[in-house]
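Chains as they are written, first to last, in the working numbering: chain A, 1 to 349; chain B, 1001 to 1349; chain C, 2001 to 2349; chain D, 3001 to 3349.
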């Protein structure tokens, strides 16, 4: 039973099939393949954005770092949550790709509030040439704590950013899970809400390794292509990226898959809610559950071979009642039976 | 008929099968998968280098840029051929990853000679702190003109580099093709000949997108891992890189595939040699043929739908006899029938 | 009456005289001048550190950024106070010079505490290759709020850093002012307390523009020289840097000058303490006074032509009693008469 | 007798006097001083460019690297002569400041020809996103071999660059010497000839350490200010840069000083021409003389305490007649008597 991450399960059979199908004959390299043309059309349609510029890369960090480098100048600062992936989990990739842009941590945890963002923006650029200059705002949707910005929240933050002429980036590593949680359209969650660029994740939601960077205007297209190549993220045999994305988007597969993952998390949440001594560190709104449980429960789960990460607190320790928080990530491939078995173990702890 | 590049043909069926096989159940991410452990063992065995450090990335440019960044300091210069991929075809990726290391172009064309390298090394660092400092030597094997360094040549260049304490990098995007041309062992072509780090290409020789970086000592391992992550080249679902490489190396598949590609090029070369007005800009020694032919022959080939690139001279022009040089790259999937048809067209031009 | 900064007053007459004296005949460039040899000896003597490596640059930001770039790797994070000059006032110079190292802000204000530093260090590097790695600790002495770390505090912080093998940098833009406040030796405040590298400021304390970077071991000397040159901070007519520093250090001029500045600040502080409605945002311990006074007092001061910066709060506003904090910096050239006139205005407000 | 460089002699007395004069009372820092306003007016007047943006830094490398970083993108290449200071003598500072822009070496030696530049430009950007993109053209005036581009040559090169929309940078470390050699106006040698940005040197021609960067349009002003600060090249006590430049420009001092230096070089050249076995490696056109003389002559000069650098060939060696080339740089402070004594030694060798 794996709850460690949504990158440890298998890829979707349809995606794998598409890879097999793509592996025939010759195809132009470096994004000039026919499948990429299809992907571009699919994404423009799905996002109701006929002029969107669409690029594929293979990792989420590449999508984020390249998108931010295109938006930010090296003397600026990027506003993000303190637990943002770009801050905590990318080994300074944004700093590397931007050439030294700073990250300003806004607020205390997973979500940025309008008040905290305004205060952070106001605090910068009060020192003229001496201080870092204001740069892009980056929102993580789903957040790193499993919560989801509402459309109203995104709009309010984007609108504030727009007042200062700051572009808005969305780290959508779990874009589909957020969309399913909000039951809205991709356009509503992005450009209609003021988002300028999206890292549109597909890897965590059933692909092998592919992410799209989507710009809703075409100001930066050639620059982005050069940055992608210079970053060594342009694939020669590009069709194998295109094929994954094409199958992922086809027939709403991506949304169905995310729905499935979210439903697994909901089943887990519902089950945990009924168990005494279990609480939630953050309200589970997509496919990640941050649950706080006594050490004894964790011991039993881990003894039973359940794989996941303790997020706060230390497993070593003698008090069986001490509460420890763990992250449980649900991917599409998780079975209801496994969830029920998990709940059984917790219940019996 | 595609002769444009060895990145336009399909991947090997065995590699594709391995991907399908790998797509089962859960696997640890980020290189902690079991298949990666296998790959490490395979490469250490194949290279007779039990302590080699082995890392996978998805593009050749990533392999080169990360390897060079690990070897070079930003105030140094890298010695390479003027037609090296790292200089001409990576959009300044080495400069980006190193933080501004310079490239010193040695000699006139595909191969670096000992004399030219000595002169270039001697010319640097005559200015103390003012000039760029001497850095790594990078050799491309197969060269970008389809020629192959002999073992003696590699040894002589490495030995010269060693005299100045300069490390040697081999850009082995077509490593297997060179090995087949030389009929030697991987160890002989690398560490036994003084090479410190290899970009071990697999993409061009039948994989979808995977390259190994191999260090023959373990000085730089942790640094390389950090550089790879920071460069956004660490795959979360790493097993899909491992699976390709594992299958590629299994049962000498990689060498057999390269042998096939080289044989195709030999068949093409043999055929062309017999045709009047056709000559070779560089001796074809692996899987690339740089042939010079009258414009009229090119017109006929292109009219027949053959895909390849004119390398020097301009197709537009009226003189049917003017010689133009083109690059013809042969990959494993090319059929003898297609080569013969190609020769037929040339012969009848 | 200028209290805006210690960079707005004139240079010391002895320093100016030394410049004039140095302007004779020929001298070797780039630090090979005789005066630089003298400076090296002076600093080694003053710091009781015969093996110290000493370099001159012209700005404090250059000293800090070059020193930190020599200590830190681009995938690390530098631990500093949130109000540190390197974070707030250098327009991302440290990020630029390091190639993208992050800054982790420790604690809430001017001083880093051992507890906060331990927590910050522990919070990093819990994510293996994914997160930023632990890097140098940077202490500002005098802090940006006019307070001074005690020797005990420096030792405790350095000792904690040493437990994690992290080097310690001291931003000593106001080194002399701190030394006078502590009445200790340079060695006691630096290497004897565990500091590895010092940005030894002279500009703010009476020079035209010169700072020393002092390494207490010689591990990094050649690297630093290359970084300085590459950063365009190596002066061709270096004697004009050397001459300033030589005169500055001669006969304890630097300490006497700082003592004078601190005494001015003490006179200002003593005067302000007796005035109702005036308080101190930070205990004034060197040559900077952060005083909080009603808006009406500020209005009167500014109307009288006193030059300084409001540090928190907004001068525009109608309530004459609202307290606003300002920074008053005292340099050596300030006259007692001016301080008394200043106090007179405040008293009469 | 110093002929080693124009950075080893003293600064002009007028410049030193200006420094002394500037050292009174308080002045705003960071370029907001009154003297800087004067300098801006002077330079706009002298260059007949009322809208020029003018910035001061302290080293020539800073002027070049910051100017080029403002003009070039990191995925581009800068076209320059193989002996350009930016290539040979700045320890990769341009690569550092640009974030990894490449330098393409045009031609064989000191001057770029139109034909060579066209060929070099045409050779780039034939590979789409893969290769480096075309970037600025950088001309060194006076060249590093003591020759001077004619106005016609500058115009022809700039006009070619303009055809490709490439900006033109002039490294004018010896700007005044070139101007005197050409007997033209600053405007004629720069914007009227198509130059976009000038590194306007003053250090080598009698200042202590100050250079202006002059942009002939105001597109890049704020960006340049941020780059200068981020590069740690913004002086807090800026008046000491302004004062130097102000005095340097006043009453044509700068042109008179350069005229003097050129006259010294002309005296040296005239004398050497009459001496058998002495020839010139490059036609001496400004204040640098590259003379080729038998080893025996060099031995005598060096024995007599003359200081200069052998530029090609090796002083060690037994053949007294073997010709070795040396660089002799003349600055304004050189006396005729010393030149004559020098010639005497050569003549008697």
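Each residue gets a CB set at the ideal place from its N, CA and C atoms; glycine is no exception. These numbers come from a predicted model, not from an experiment.
- Residues of chain A with a Cβ closer than 8 Å to the Cβ of residue 3226/D are, in chain order, 73, 75, 129, 133.
- Linking residue 181/A to residue 189/A through their CA atoms gives a straight-line distance of about 11 Å.
- Distance from the Cα of residue 3127/D is smallest, within the candidate group 3168/D, 3075/D, 3094/D, 3093/D, for 3075/D.
- Within the region 1119-1151 of chain B, complete beta strand (DSSP E) segments of at least 3 residues are found at 1133-1140, given in chain order.
- Spanning the alpha carbons of residue 2043/C and residue 118/A requires a straight line of approximately 47 Å.
- Interface annotation for the region 2098-2128 of chain C against chain B: 2099, criterion Cβ-Cβ distance under 7 Å.
- About 26 Å separates the CB atoms of residue 2211/C and residue 2107/C; that is not less than 8 Å, and the two are not in contact.
- Note that the region 318-329 of chain A touches the region 282-294 of chain A; at least 3 beta-carbon pairs, one per stretch, sit closer than 8 Å.
- Within a 10 Å sphere around the beta-carbon of residue 238/A sit 16 or more other beta-carbons, which makes this residue buried.
- By the C-beta criterion, the region 3227-3235 of chain D is judged not to be in contact with the region 3019-3028 of chain D, since fewer than 3 inter-stretch pairs fall below 8 Å.
- If you draw a straight line from the Cα of residue 1262/B to the Cα of residue 1177/B, it comes to about 7 Å.
- Here residue 3094/D is near residue 3069/D, since their CB atoms are less than 9 Å apart.
- Judged by DSSP in its simplified three-state form, residue 1302/B adopts helix.
- Under the DSSP assignment, residue 1087/B falls in the alpha helix (DSSP H) whose first and last residues are 1085-1088.
- In this chain, the alpha helix (DSSP H) harbouring residue 2096/C covers 2093-2098.
- Chain-order list of chain D residues neighbouring residue 1096/B: 3074, 3075, 3099, 3100, by C-beta distance under 9 Å.
- Spanning the alpha carbons of residue 1007/B and residue 103/A requires a straight line of approximately 38 Å.
- At a cut-off of 9 Å between beta-carbon atoms, residue 2192/C makes no contact with chain B.
- Not a single C-beta of chain D is nearer than 9 Å to the C-beta of residue 2322/C.
- In this structure the region 160-167 of chain A does not touch the region 301-308 of chain A; the number of beta carbon pairs closer than 8 Å is below three.
- Residue 2171/C and residue 2134/C have their alpha carbons spaced roughly 19 Å apart.
- Contact annotation: in the region 1195-1215 of chain B, no residue has its CB less than 7 Å from a CB in chain D.
- Around the Cβ of residue 1254/B, a 10 Å sphere holds 16 or more other Cβ atoms; the residue is buried.
- When secondary structure is reduced to three states using DSSP, residue 2250/C falls in the helix class.
- Interface annotation for the region 289-303 of chain A against chain B: empty, criterion Cβ-Cβ distance under 9 Å.
- Taking a beta-carbon distance threshold of 9 Å, residue 2030/C counts as an interface residue toward chain B.
- Annotation for residue 1274/B: no beta strand (DSSP E) segment contains it, and DSSP assigns it neither H nor E.
- The C-beta distance from residue 3175/D to residue 3200/D rounds to 5 Å, short enough to fall under 8 Å.
- Rounded to the nearest angstrom, the gap between the Cα atoms of residue 3240/D and residue 3286/D is 29 Å.
- Counting every other CB atom within 10 Å of its CB across the protein chains shown gives residue 1034/B a total below 16, marking it as exposed.
- Judged by DSSP secondary structure, residue 2229/C falls within the alpha helix (DSSP H) whose first and last residues are 2221-2230.
- Looking from the CA of residue 2323/C, the closest CA among 2281/C, 2207/C, 2339/C belongs to 2281/C.
- Secondary structure at residue 1002/B: strand, using DSSP grouped into helix, strand and coil.
- Residues of the region 142-158 of chain A that bring their beta carbon within less than 7 Å of a beta carbon in chain C are absent altogether.
- Distance between residue 73/A and residue 92/A, taken at the CA atoms: about 16 Å.
- Minimum Cα-Cα distance from residue 1157/B among the listed residues 1121/B, 1147/B, 1184/B corresponds to 1121/B.
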